[in-house]
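Structure record follows, encoded as structure tokens.
There are 2 protein chains.
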Amino acid sequence: MRRMTARPGNAHQARLLKLLRDGGPNSRAQLGDQVDLSRSKLAVEVDRLLETGLVVADGLAASRGGRRSHNIRLHPGLRFLGVDIGATSVDVAVTNAELETLGHINHPMDVREGPVAVFEQVLAMAAKLKASGLAEGFDGAGIGVPGPVRFPEGVPVAPPIMPGWDGFPVREALSQELGCPVMVDNDVNLMAMGEQHAGVARTVADFLCVKIGTGIGCGIVVGGEVYRGTTGSAGDIGHIQAVPDGRPCACGNRGCLEAHFSGAALARDATEAAQQGLSAELASRLETNGGLTAVDVAAAAAAGDATALDLIREGGNRTGQVIAGLVSFFNPGLVVIGGGVTGLGHTLLAAIRTQVYRQSLPLATGNLPIVLGELGPAAGVTGAARLISDHLFSPA
Amino acid sequence: MRRMTARPGNAHQARLLKLLRDGGPNSRAQLGDQVDLSRSKLAVEVDRLLETGLVVADGLAASRGGRRSHNIRLHPGLRFLGVDIGATSVDVAVTNAELETLGHINHPMDVREGPVAVFEQVLAMAAKLKASGLAEGFDGAGIGVPGPVRFPEGVPVAPPIMPGWDGFPVREALSQELGCPVMVDNDVNLMAMGEQHAGVARTVADFLCVKIGTGIGCGIVVGGEVYRGTTGSAGDIGHIQAVPDGRPCACGNRGCLEAHFSGAALARDATEAAQQGLSAELASRLETNGGLTAVDVAAAAAAGDATALDLIREGGNRTGQVIAGLVSFFNPGLVVIGGGVTGLGHTLLAAIRTQVYRQSLPLATGNLPIVLGELGPAAGVTGAARLISDHLFSPA
DNA sequence: TCGTCTTTGTCCTGTGAGTGGAAAAAGTCG
DNA sequence: CGACTTTTTCCACTCACAGGACAAAGACGA
Numbered sequence: 040m041r042r043m044t045a046r047p048g049n050a051h052q053a054r055l056l057k058l059l060r061d062g063g064p065n066s067r068a069q070l071g072d073q074v075d076l077s078r079s080k081l082a083v084e085v086d087r088l089l090e091t092g093l094v095v096a097d098g099l100a101a102s103r104g105g106r107r108s109h110n111i112r113l114h115p116g117l118r119f120l121g122v123d124i125g126a127t128s129v130d131v132a133v134t135n136a137e138l139e140t141l142g143h144i145n146h147p148m149d150v151r152e153g154p155v156a157v158f159e160q161v162l163a164m165a166a167k168l169k170a171s172g173l174a175e176g177f178d179g180a181g182i183g184v185p186g187p188v189r190f191p192e193g194v195p196v197a198p199p200i201m202p203g204w205d206g207f208p209v210r211e212a213l214s215q216e217l218g219c220p221v222m223v224d225n226d227v228n229l230m231a232m233g234e235q236h237a238g239v240a241r242t243v244a245d246f247l248c249v250k251i252g253t254g255i256g257c258g259i260v261v262g263g264e265v266y267r268g269t270t271g272s273a274g275d276i277g278h279i280q281a282v283p284d285g286r287p288c289a290c291g292n293r294g295c296l297e298a299h300f301s302g303a304a305l306a307r308d309a310t311e312a313a314q315q316g317l318s319a320e321l322a323s324r325l326e327t328n329g330g331l332t333a334v335d336v337a338a339a340a341a342a343g344d345a346t347a348l349d350l351i352r353e354g355g356n357r358t359g360q361v362i363a364g365l366v367s368f369f370n371p372g373l374v375v376i377g378g379g380v381t382g383l384g385h386t387l388l389a390a391i392r393t394q395v396y397r398q399s400l401p402l403a404t405g406n407l408p409i410v411l412g413e414l415g416p417a418a419g420v421t422g423a424a425r426l427i428s429d430h431l432f433s434p435a
Numbered sequence: 040m041r042r043m044t045a046r047p048g049n050a051h052q053a054r055l056l057k058l059l060r061d062g063g064p065n066s067r068a069q070l071g072d073q074v075d076l077s078r079s080k081l082a083v084e085v086d087r088l089l090e091t092g093l094v095v096a097d098g099l100a101a102s103r104g105g106r107r108s109h110n111i112r113l114h115p116g117l118r119f120l121g122v123d124i125g126a127t128s129v130d131v132a133v134t135n136a137e138l139e140t141l142g143h144i145n146h147p148m149d150v151r152e153g154p155v156a157v158f159e160q161v162l163a164m165a166a167k168l169k170a171s172g173l174a175e176g177f178d179g180a181g182i183g184v185p186g187p188v189r190f191p192e193g194v195p196v197a198p199p200i201m202p203g204w205d206g207f208p209v210r211e212a213l214s215q216e217l218g219c220p221v222m223v224d225n226d227v228n229l230m231a232m233g234e235q236h237a238g239v240a241r242t243v244a245d246f247l248c249v250k251i252g253t254g255i256g257c258g259i260v261v262g263g264e265v266y267r268g269t270t271g272s273a274g275d276i277g278h279i280q281a282v283p284d285g286r287p288c289a290c291g292n293r294g295c296l297e298a299h300f301s302g303a304a305l306a307r308d309a310t311e312a313a314q315q316g317l318s319a320e321l322a323s324r325l326e327t328n329g330g331l332t333a334v335d336v337a338a339a340a341a342a343g344d345a346t347a348l349d350l351i352r353e354g355g356n357r358t359g360q361v362i363a364g365l366v367s368f369f370n371p372g373l374v375v376i377g378g379g380v381t382g383l384g385h386t387l388l389a390a391i392r393t394q395v396y397r398q399s400l401p402l403a404t405g406n407l408p409i410v411l412g413e414l415g416p417a418a419g420v421t422g423a424a425r426l427i428s429d430h431l432f433s434p435a
């Protein structure tokens, strides 16, 4: 199929496209109930959308007691590519126009290998998805990288954990390779958008989304829109001081949250504990695998290992302290916890909740849910698809 | 004069009113340069505004090389009342429609005397301003209170330092008494709006405004709009933990920022130091006045007293640590420091800057000014006038 | 002082978007 | 099969708006 290049001609059309994206196939009458346009106006705009090819007829809907309505839907051939580049792995997924995931693959890879190697991998994965018949091409791609991004240009800026990417024109390069529009954002922001679109945050206007992976970051949503800050580094909470005169951190300071708790810190602490003979469970895993990761700690904790549980609780306390400060400051309606260490599950969540509810004032915590993300590894790629569809479904 | 009751009939008129407010008298031609409307449309909207009486003709402008233009301006008789209720004093000011302060009076008063007593005082001060010929009546009033506010209703909620105000219908009561529309907000938010309108933050979209008075609070501006949070308590940073296991705080926790540094904490620390004989300067002031306040500490510091300077530096360090965290999280384009203790001036500012620039990442601090507010005590009342004028100059 | 040029303000008409009623189309249900 | 519903199309009428023409008012040079 020929790729779609059309864009909505006005705000009404954009509105309709988003309704069809989020609500699936719909009749003109149902759309009319949601948009406050006259029937005639609505018909005109729908006709124009049909002309562009973005929208197609989709048979008859069930009767509601009278004449059956003709459904319309977004073109079933539309395909978005969602790419989530993590510190240690790459996720690529393909979705239809309704942002339903049709295929999703993951591949371990160190982001420090640099943009060229990573893009090769991403393109190979995209080709694999194409080859499996899920897509003939892509109408747009969203991509998340683990660091700050100058959003309008789609260029990483001064990313601490991926120094080789500084200033690399991610958006332009990928757009060239894929032959479609591309948008780039911080991976944490995409996770927030994913949970907002299809996860726990569907109905909340202002929320925080804390991602604990190799590092720690936080997506900030204000009034339903991602807030990125003046230079694109908003939500960079990994280097907030959690422990005065604490451990040295790669950033040059001491006591950063990330130095005390994150996937990397947890793996290091667990290895140390195992070597000191504090935990037989961890020691045996260390011997078997030749190294420990957050996953091992999660498994040990699940098996009831006291040392592993202590490590998680300790980290949860630190994280909870920082989040408590953010809750006081930002007064969100929801806090979502996600990222690679979600496997640590309720032990971690309980520790975080305890700290937040203890330290923040009742007015801010009174009706504040603190929950795990619903989407797991799909949050990032869903958010990426959402990002590019928001862009393409806006007036040019 | 009869009070104005009209409101703009559409967004264009609202836009024009705000241009006239912020830019002063203007000709139709100049307005046309700023609003992207056809001359005919502009003329129609201006005529309608003239009909409502909100806007009046204002003589001829100087020629720009051709026919001289007829200026128009907001009605010179329009008056807004700005009220800033602090913990220990009340500020009331009257402004014209361009938000220029025509008169400003301050009166010491403890907010804990309760809403009835405070309102009596406010009304007396408003009457005094009227009596001095500055206003015949008020077209709207903005009022700031030192605690969280449920903004849409204009009602304080669970304010820690003014328990008697919880749920008191401030907006409705004052609207009754004054016979004009009233809007209520947190005093810190109003300070932020004041600095945004007429102070250092005129050109910045995203910034923080930290107010250090009896307590500590922070106004948050996102995309030019004040962010209030889910329950109106956003920016309540006084109870963020600054010192693990630190001093007990009135809120029940330990180590809150406010317990370690604020006008109240500073006064207490200074008294203690004086009693322990650490500072002759402070001791003599204690004896003279029978008590010490932040103002005494400022004076002692200005006189070179080492103990006073240490207290300020110590407090600045604490505050700077917390702000550093907020800067990492929020990535603002500007941080404004204001409030009663601005008298502590550059000693305080230097300590805060040191902490922030040391602890936050370069990407966030690279181009981040941290400055004192420009408006001093006028910030609150200016922000209050701005609040109500924004409301009145929006379509009904 | 006069004529030309520039700027400002008003008037007027053509266009195009949008509303809402009416009728047609397509069902349901007794 | 007929009465009633719901959806969709069609159409005429209204209204806002753009943009050109023109009038008013002043600047400036000759």
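The listed protein sequences derive, respectively, from chains A and B.
All the letters of the first sequence, read from the start, carry residue numbers 40 to 435 under the working numbering.
All the letters of the second sequence, read from the start, carry residue numbers 40 to 435 under the working numbering.
Ideal Cβ placement from N, Cα and C applies to all residues, glycine included.
Would you please verify whether the beta carbon of residue i is less than 7 angstroms from any beta carbon of chain B?
i, result
"Ile-351 (chain A)", "no"
"Gly-355 (chain A)", "no"
"Phe-368 (chain A)", "yes"
"His-146 (chain A)", "no"
"Ser-472 (chain A)", "Nothing in the structure corresponds to residue 472 (chain A), since chain A is present only between 40 and 435."
"Gln-235 (chain A)", "no"
"Pro-64 (chain A)", "no"
Along chain B, which residues have their Cβ under 7 angstroms away from the Cβ of residue i?
i, result
"Asn-489 (chain A)", "As shown, chain A starts at 40 and ends at 435. That puts residue 489 (chain A) outside it, with no answer to give."
"Asp-245 (chain A)", "Gly-268, Thr-269"
Could you check how far apart the C-beta atoms of residue i and residue j are, in whole angstroms? I think they sit under 8 angstroms.
i, j, result
"Gly-271 (chain A)", "Phe-207 (chain A)", "Wrong, their Cβ atoms sit about 15 angstroms apart, outside the cutoff."
"Gly-203 (chain B)", "Arg-118 (chain B)", "Not confirmed; about 30 angstroms, so no contact."
"Lys-250 (chain B)", "Gly-377 (chain B)", "5 angstroms"
"Leu-138 (chain B)", "His-236 (chain B)", "6 angstroms"
"Leu-81 (chain B)", "Ala-45 (chain B)", "Actually they are not in contact, since the Cβ atoms of Leu-81 (chain B) and Ala-45 (chain B) sit about 19 angstroms apart, beyond 8 angstroms."
"Gly-291 (chain B)", "Pro-283 (chain B)", "Not confirmed; about 16 angstroms, so no contact."
If the cut is a Cβ gap below 8 angstroms, which residues of chain B does residue i touch?
i, result
"Val-196 (chain A)", "Leu-402"
"Gln-280 (chain A)", "Gln-360, Ala-363, Gly-364, Gln-398"
Please name the residue, chosen from the options, that lies closest to residue i on a Cα-to-Cα basis.
i, options, result
"Asp-130 (chain B)", "B:Arg-112, B:Pro-185, B:Arg-87, B:Val-83", "B:Pro-185"
"Ala-306 (chain B)", "B:Glu-139, B:Leu-162, B:Ala-322, B:Ile-409", "B:Ala-322"
"Ser-301 (chain B)", "B:Thr-346, B:Gly-254, B:Pro-283", "B:Gly-254"
"Ala-156 (chain B)", "B:Gly-142, B:Gly-105, B:Leu-213", "B:Leu-213"
"Asp-429 (chain B)", "B:Gly-263, B:Ala-298, B:Val-282", "B:Gly-263"
"Ile-409 (chain B)", "B:Thr-332, B:Gly-294, B:Gly-422, B:His-385", "B:His-385"
"Pro-115 (chain A)", "A:Thr-134, A:Arg-106, A:Thr-127, A:Arg-103", "A:Thr-134"
"Asp-245 (chain B)", "A:Asn-370, A:Ala-333, A:Arg-267", "A:Arg-267"
"Ile-111 (chain A)", "A:Ala-100, A:Ala-345, A:Ala-342, A:Ala-174", "A:Ala-100"
"Ala-126 (chain B)", "B:Asp-149, B:Gly-104, B:Ile-144", "B:Asp-149"
"Glu-84 (chain A)", "A:Asn-49, A:Gly-62, A:Lys-57", "A:Asn-49"
"Gly-277 (chain A)", "B:Gly-105, B:Gln-73, B:Ala-390, B:Phe-368", "B:Phe-368"
Could one say the Cβ of residue i lies closer than 7 angstroms to chain A's Cβ atoms, at least one of them?
i, result
"Val-261 (chain B)", "yes"
"Asp-275 (chain B)", "yes"
"Gly-125 (chain B)", "no"
"Gly-372 (chain B)", "yes"
Using the beta-carbon of each residue, which ones in chain A are nearer than 7 angstroms to residue i?
i, result
"Leu-365 (chain B)", "Phe-368"
"Pro-187 (chain B)", "Leu-402"
So which residues on chain A does residue i lean against when the C-beta distance must stay under 9 angstroms?
i, result
"Cys-248 (chain B)", "Under the 9 angstroms cutoff, chain A gives no residues; its nearest Cβ is about 13 angstroms from Cys-248 (chain B)."
What residues from chain B crowd round residue i, counting only those whose CB sits closer than 9 angstroms?
i, result
"Cys-257 (chain A)", "Phe-368"
For this session: Output the residue ranges of the beta strand (DSSP E) runs that lie fully inside the region 57-127 of chain A and measure 3 residues or longer, sorted by chain position.
Result: 94-99, 109-113, 119-124
For this session: Please specify which runs of the alpha helix (DSSP H), each continuous and at least 4 residues long, are wholly inside the region 248-329 of chain B, giving them in chain order.
Result: 296-299, 302-314, 319-328
Exercise. Whole beta strand (DSSP E) runs in the region 344-391 of chain B with 3 or more residues, listed along the chain?
Worked result: 374-377
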